[in-house]
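These notes are about the structure you will find just below.
2 protein chains.
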Amino acid sequence: MLKVREDAIIQAVNRLLSEKGFDAMTVDEVAARVGIAKASLYKHFPSKEDLAAAAMVRVMRQAQTFCAALPEAAPPLENIRAVTRWTMGLKLAGNMPSLPSQNSTLRATLMANREYMDGLIEVSDRLGGWIEAAQADGSISSRLPAIAVLYTLYARACDPVLEFLKMGGQHNDDEIIELVMSTCFDGLNARPPETSAPHKAH
Amino acid sequence: MLKVREDAIIQAVNRLLSEKGFDAMTVDEVAARVGIAKASLYKHFPSKEDLAAAAMVRVMRQAQTFCAALPEAAPPLENIRAVTRWTMGLKLAGNMPSLPSQNSTLRATLMANREYMDGLIEVSDRLGGWIEAAQADGSISSRLPAIAVLYTLYARACDPVLEFLKMGGQHNDDEIIELVMSTCFDGLNARPPETSAPHKAH
DNA sequence: GTCTATAGGAGGATAGAC
DNA sequence: GTCTATCCTCCTATAGAC
Numbered sequence: 001m002l003k004v005r006e007d008a009i010i011q012a013v014n015r016l017l018s019e020k021g022f023d024a025m026t027v028d029e030v031a032a033r034v035g036i037a038k039a040s041l042y043k044h045f046p047s048k049e050d051l052a053a054a055a056m057v058r059v060m061r062q063a064q065t066f067c068a069a070l071p072e073a074a075p076p077l078e079n080i081r082a083v084t085r086w087t088m089g090l091k092l093a094g095n096m097p098s099l100p101s102q103n104s105t106l107r108a109t110l111m112a113n114r115e116y117m118d119g120l121i122e123v124s125d126r127l128g129g130w131i132e133a134a135q136a137d138g139s140i141s142s143r144l145p146a147i148a149v150l151y152t153l154y155a156r157a158c159d160p161v162l163e164f165l166k167m168g169g170q171h172n173d174d175e176i177i178e179l180v181m182s183t184c185f186d187g188l189n190a191r192p193p194e195t196s197a198p199h200k201a202h
Numbered sequence: 203m204l205k206v207r208e209d210a211i212i213q214a215v216n217r218l219l220s221e222k223g224f225d226a227m228t229v230d231e232v233a234a235r236v237g238i239a240k241a242s243l244y245k246h247f248p249s250k251e252d253l254a255a256a257a258m259v260r261v262m263r264q265a266q267t268f269c270a271a272l273p274e275a276a277p278p279l280e281n282i283r284a285v286t287r288w289t290m291g292l293k294l295a296g297n298m299p300s301l302p303s304q305n306s307t308l309r310a311t312l313m314a315n316r317e318y319m320d321g322l323i324e325v326s327d328r329l330g331g332w333i334e335a336a337q338a339d340g341s342i343s344s345r346l347p348a349i350a351v352l353y354t355l356y357a358r359a360c361d362p363v364l365e366f367l368k369m370g371g372q373h374n375d376d377e378i379i380e381l382v383m384s385t386c387f388d389g390l391n392a393r394p395p396e397t398s399a400p401h402k403a404h
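Okay, structure coming up:
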């Protein structure tokens, strides 16, 4: 059916966006990978930008699903860490579309896409709530504006450190994720020895 | 003279690469901004990739100069922090060329450019030395491979958090830099209050 | 070395038959 | 809704006069 075919298209777009990025991806490639003619693609999606937007909607829905499955009763920091891990796993597995942040027509298409924007807002609200809760309970630094924390988490989805470490071949995906998790949450500075934990209990 | 004109070209390229990135930048734009004909550009640089490479050589030289001016006697962490600050300042000021990490012909051109590669290696060696020294003196975490630390520092040069915070308009450049410095070195986690140094003397 | 003019090709999008 | 064939724009690169 139509739905199945469009899913196949979006998946191909997703992988190509992850492999080469929006600019380097050509509509011909998408068509070739799906196994249909380019003109047929345009019966489903009106433009290359809309193809990318559909891929973004897909990952956004996945993110919503993932967030919704997390226990609301858990410590907020744990949920934040879980989402961050999941995001980086997606990228390392080649399933995170990468879009240029400068392209204006692409931005316009994305911002005109209600499903994408709604998803983005819902995810941001949920993460934002966890961030503020984590700052309130003393697990995330309160010196940082919550929005800066949110951006820092989002940035993990396109962190070049992930691919560099992967190219190095010294670590597997899980090790890479834990390394970047550590730089993200613990920072580069050395920490005082674990034995003198401040007040992690309760 | 020739040298002066080429400097003007490289500077224009540098700004355009910072504003729009490599793919969106057109050679016509470069020519227009310099105020010469496109064909004249090609008398100076054989290809668009070489234009970008020249811009990269320029920033790499600036980085070398900056590093060389830092006091070797200073604590290694301070030199690392200084370079990181300088890099982010460059980006916020619109002077950090941004290249796609996927483009293969561009990568080939860059890696064939001896001046760029030599500069990259020198800077990496110097930073690498400081990183290992900082790990030895306990100021940077020893649990992280030095190469991961190096990549994390390099990634600050293209950190989207910088532009997002700038677009937000809530902070000036210096505040943004300090925020990202904090996320980078201190991490997102809360730290124990400064007053309670690791082992209190009673 | 600067210009005008143009080649050459890639790639997004469409026409129209079936 | 799928195809083949084609259009058309944009952009890199070059030709050739001065």
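In the order they appear, the protein sequences are chains A and B.
Using our numbering, the letters of the first sequence correspond one by one to residues 1 to 202.
Using our numbering, the letters of the second sequence correspond one by one to residues 203 to 404.
Note that beta-carbon positions come from the ideal geometry of N, C-alpha and C, so glycine has one too.
Quick caveat, the model's predicted, so the values are computed rather than measured.
>> Just to confirm the assignment, what range does the alpha helix (DSSP H) spanning Gly331/B have?
In response: Position 129 of the second sequence, counted from the start, is the residue given in the question as residue 331/B. Taken as a continuous stretch (DSSP letters only), the alpha helix (DSSP H) holding Gly331/B covers 316–338.
Run the CB neighbour count on Asp339/B, radius 10 Å, all protein chains shown included, and call it buried at 16 or more, exposed below.
Looking up residue 339/B in the second sequence gives position 137. Flag for Asp339/B reads exposed.
Interface positions of the stretch 369–387 of chain B facing chain A (Cβ-Cβ less than 7 Å), listed along the chain:
Gly370, Leu381, Ser384, Thr385, Cys386, Phe387
Can you have a look at Val123/A and say buried or exposed, based on whether 16 or more other CB atoms are within 10 angstroms of its CB? The residue labelled residue 123/A in the question sits at position 123 within the first sequence. Buried, since its Cβ has 16 or more Cβ neighbours within 10 Å.
Fill in: Identity of the residues DSSP links to Ile140/A by a beta bridge
Along the first sequence, one-based indexing puts residue 140/A at 140. Looking at the DSSP assignment, Ile140/A forms a beta bridge with Asn391/B.
TODO: Pick out the complete alpha helix (DSSP H) segments inside the stretch 341–385 of chain B, 4 residues or longer, and give them in chain order.
DONE: 348–357, 362–370
7 Å is my cut-off, CB to CB: does Thr289/B come that close to chain A? Counted from its first residue, the second sequence places residue 289/B at position 87. Interface annotation, Thr289/B: not in contact with chain A, CB-CB separation never under 7 Å.
Q | Rounded Cβ spacing between Thr183/A and Ala350/B (contact assumed at less than 8 Å) | A | Along the first sequence, one-based indexing puts residue 183/A at 183. Along the second sequence, one-based indexing puts residue 350/B at 148. Contact holds; Cβ gap of about 7 Å.
Span separating the alpha-carbon of Arg309/B from that of Lys91/A
Within the second sequence, the letter at position 107 stands for residue 309/B. Within the first sequence, the letter at position 91 stands for residue 91/A. Whole-angstrom Cα-Cα distance: 21 Å.
Check: Within the chosen definition, does the stretch 229–244 of chain B reach the stretch 276–290 of chain B through at least 3 CB pairs nearer than 8 Å?
Finding: No, the stretch 229–244 of chain B does not touch the stretch 276–290 of chain B.
Minimum length 4: unbroken alpha helix (DSSP H) runs contained in the stretch 30–55 of chain A:
Listed in chain order, the complete alpha helix (DSSP H) runs (minimum 4 residues) inside the stretch 30–55 of chain A are 38–44.
Cβ-Cβ distance between Met56/A and Ile177/A below 7 Å: Here residue 56/A refers to the residue found at position 56 of the first sequence. Here residue 177/A refers to the residue found at position 177 of the first sequence. Taking 7 Å as the Cβ cut-off, Met56/A and Ile177/A do not qualify as a contacting pair.
Practice item. Flag Ala24/A as yes if its beta-carbon sits less than 7 Å from any beta-carbon of chain B, otherwise no. Key: Stepping through the first sequence from its first residue, residue 24/A is reached at position 24. Ala24/A belongs to the set of residues whose beta carbon lies under 7 Å from a beta carbon in chain B.
Helix, strand or coil: which one does DSSP assign to Gly291/B? Taking the second sequence and counting its residues from 1, one reaches residue 291/B at position 89. Three-state DSSP puts Gly291/B in a helix.
Legend entry - Alpha-carbon spacing of Tyr318/B relative to Met117/A, whole angstroms: Residue numbering aside, residue 318/B sits at position 116 when the second sequence is read from its first letter. Residue numbering aside, residue 117/A sits at position 117 when the first sequence is read from its first letter. Straight-line Cα distance between these residues: approximately 41 Å.
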